[in-house]
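Per my numbering, the sequence shown starts with residue 606, numbered consecutively.
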Amino acid sequence: MKNRVYINQLREHIGNTVIIAGWVSVRRDQGKMVFFDIRDMTGTVQTVVLTKSPALESAKQTSRESAVAITGIVNKRPEKNVMAGVQNGDIEVSVEKIEILGASDAPPFEIIEDTSMISEEVRLTYRYLDLRSERMQRNIRSRSEFVRLCREYLFNAMFTEIETPLLTESTPEGSRDFVVPSRLHPGSFYALPQSPQQYKQLLMVAGMERYFQIARAVRDEDLRADRGFEHSQIDIEMSFVEQEDVMALVETMIIEVAEKMGKVLKQKPFPRFTYAEAMEKFGADKFDLRDDEEKSKGILAFAWVHRFPFFEKTDGGDWTFTHNPFSMPLSEHIDDVLAGKNTENILTAQYDLVCNGHETGGGSIRSHRPDILRAVYKTMGYDDARIEQSVGHMLEAFRYGAPPHGGIAIGIERMLMTVMGENYLREVQAFPMTRGGQTAVMKAPKPLSDKQLSELGLEIKKKTK
């Protein structure tokens, strides 16, 4: 909009006529005068339509939450009328013209209040209204700021941002995949990435050395307050590093970013606990180091957990990995992995970043040697044919000068949920899913049409009880 002035710039225009645009938060019709609180993405200001204003008739027809453009004079309020503690409480706009850009029906809930107590179903059905609320605006903009600051830090540390594919190969490890049928290859399927794990390791083989991306990850897991089908992560991988290098870089980044966002940290540098120490002291590998007073103040207590067991038993009695099969065993345990012995005592160069009782990041030094990766899969009961089918391309890549490498993934939603003092991931996501796995606003999942199923070569079979 030509010549528009944002609300946080109004003090620069006292005494002048300006155009502001935004939404009507509050409307007070006093008969001879109408007051509006107008908000845009930078703040809120009170406007007044006086008795003799040509805008008075339009003002009486303007409903709350309508999108409007207002032309008026910015006035400094008399000292006795200054609204202490209110944003822009020392100025107001005397309205000369109102243009209704988008009229609003009565909203289904009060947007100017905290919407966290409103039912999830209503909030997500009208998520675009929920996102107008002050708390949700703050959360989503803080998320953007966190990502921006991390990006700038990594660029300054010589990292290259690289995107990896969204359509990839389904693998049997980890969580269940979300799969995508192929029209061009009937009966075959892509999978959406649970993480960019293999691609980022291949980028290290490719000589990129320092990679990151704001990666989308999709996992068909059971839903809970701090876990959803989709999440975003700051995905980082570095070549020619040891565990200490990765942890030091990430710790410095988190401290710098958190403090630039105005957050207070309990302890610097972050304390470190081995997995065994954490389990003995806290009974879990994620824990909260704050006392009650520090919790009330929103202080952030980060800590590292490292020296994790590499393997654990499945319900069926077989060995599987605790974090991922691409981790490097600690140097003193490499011979045991290669020999396939002492499996229950093997430790891995895996490290988790925890904060205020949540795991906010996890990574490891990776296995870059084909013999170690093959031995890990042997321990999990894979025969040679199945190993080739699962990770043959990784074994092949590692034959061509693979550097030692490692990295970490920082969960953006989990981190921001913690930093902002929220209890649910959905409070820092623009369009989250419901507890039942339905999308916000739109109606998914839903059946495909017969034509779509035919194009994909699919047939739906009803489940039998």
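Note that CB positions come from ideal geometry on N, CA and C, so glycine has one too.
Nearest residue (CA-CA) to residue i, options the options
i, options, result
"L1053", "T953, V785, P874, I841", "V785"
"K805", "L870, Q614, F931, R743", "F931"
"L870", "L894, L854, D645", "L894"
"L706", "H790, R669, N929", "R669"
"T925", "K900, I951, S936", "I951"
"D831", "L1058, A863, T965, R912", "T965"
"A811", "Q651, M843, S936, D782", "M843"
"A796", "K1066, V823, L808", "V823"
"E937", "F640, T948, K1068, P874", "T948"
"T649", "T879, W628, A664, S663", "W628"
"P683", "I696, V691, V1024", "I696"
"N929", "D923, A881, Y982, D940", "Y982"
"V673", "T652, E715, A689, V1024", "T652"
"Q872", "G888, W909, A889, M884", "W909"
"G867", "S747, L1058, K637, P712", "S747"
"F640", "L615, T927, T667, E617", "T667"
"L655", "P801, R633, Y880", "R633"
"Y733", "S663, E899, P1037, D840", "P1037"
"L828", "K1051, R740, A1049, G1041", "G1041"
"M741", "D645, G636, G1016, E1032", "E1032"
"C960", "M933, A711, G1016", "G1016"
Beta-carbon separation (whole angstroms), residue i vs residue j, contact threshold 8 Å
i, j, result
"R974", "H1010", "Not confirmed; about 11 Å, so no contact."
"M1022", "L1030", "6 Å"
"I625", "I703", "Contact flag wrong, Cβ pair sits at about 11 Å."
"E725", "T1039", "6 Å"
"K891", "G962", "6 Å"
"A1073", "Q818", "Coverage of the chain is limited to positions 606 through 1070, which leaves residue 1073 absent and any answer about it impossible."
"T953", "F915", "4 Å"
"I619", "V679", "5 Å"
"F907", "F875", "5 Å"
"E701", "A660", "6 Å"
"I767", "A1035", "Wrong, their Cβ atoms sit about 24 Å apart, outside the cutoff."
"G1012", "V862", "About 17 Å; that fails the 8 Å criterion."
"L905", "V1024", "7 Å"
"G945", "T984", "6 Å"
"A708", "S663", "The pair is not a contact, with the Cβ atoms about 11 Å apart (cut-off 8 Å)."
Residue i versus residue j - alpha carbon distance
i, j, result
"K657", "I643", "21 Å"
"S699", "N621", "10 Å"
"R821", "G1006", "29 Å"
"K1056", "E1064", "11 Å"
"L943", "D989", "15 Å"
"E1018", "K665", "42 Å"
"F913", "K886", "15 Å"
"G903", "D897", "10 Å"
"T773", "K865", "37 Å"
"S995", "D782", "14 Å"
"S901", "M809", "43 Å"
"L958", "V752", "17 Å"
"S749", "T1069", "46 Å"
"E617", "I717", "27 Å"
"D645", "P713", "21 Å"
"N1028", "R737", "20 Å"
Spatial neighbours of residue i in its chain, beta-carbon cut-off 7 Å, leaving aside the 5 residues before and after
i, result
"T647", "Y611, I612, N613"
"L803", "Looking at the sequence shown, residue 803 is not Leu but Gln. Same-chain partners within the cutoff: M999."
"R728", "T720, D735"
"K681", "I619, D695, I696"
"M858", "C755, Y758"
"R979", "I992, L1000"
"S787", "S793, F794, Y795"
"E1060", "R788"
"I939", "I977"
Beta-carbon proximity list for residue i, same chain, < 6 Å, skipping 5 on both sides
i, result
"V631", "D642"
"N608", "I624"
"M763", "R815"
"D923", "G986"
"F878", "V910"
"Q692", "G648, T649"
"A883", "D890, V910"
Cut-off 8 Å between Cβ atoms - residues of its own chain near residue i, not counting five sequence neighbours on either side
i, result
"F845", "E814, P1008, P1009, H1010"
"G792", "G1062"
Residues sharing a beta bridge with residue i, DSSP
i, result
"T667", "Looking at the DSSP assignment, T667 forms no beta bridge with any residue, so it has no partner."
"R1004", "DSSP lists no partner for R1004."
"Y795", "V785"
"M1038", "T1044"
"I970", "G1011"
"F1087", "In this structure the chain extends from 606 to 1070, so residue 1087 is not present and cannot be described."
"N680", "E697"
"D957", "V910, G967"
"V673", "G627, I705"
"K918", "W924"
"V654", "V639"
Interface flag, residue i vs chain C, CB-CB below 8 Å
i, result
"F915", "The displayed structure is made up of one protein chain only, and chain C is not part of it."
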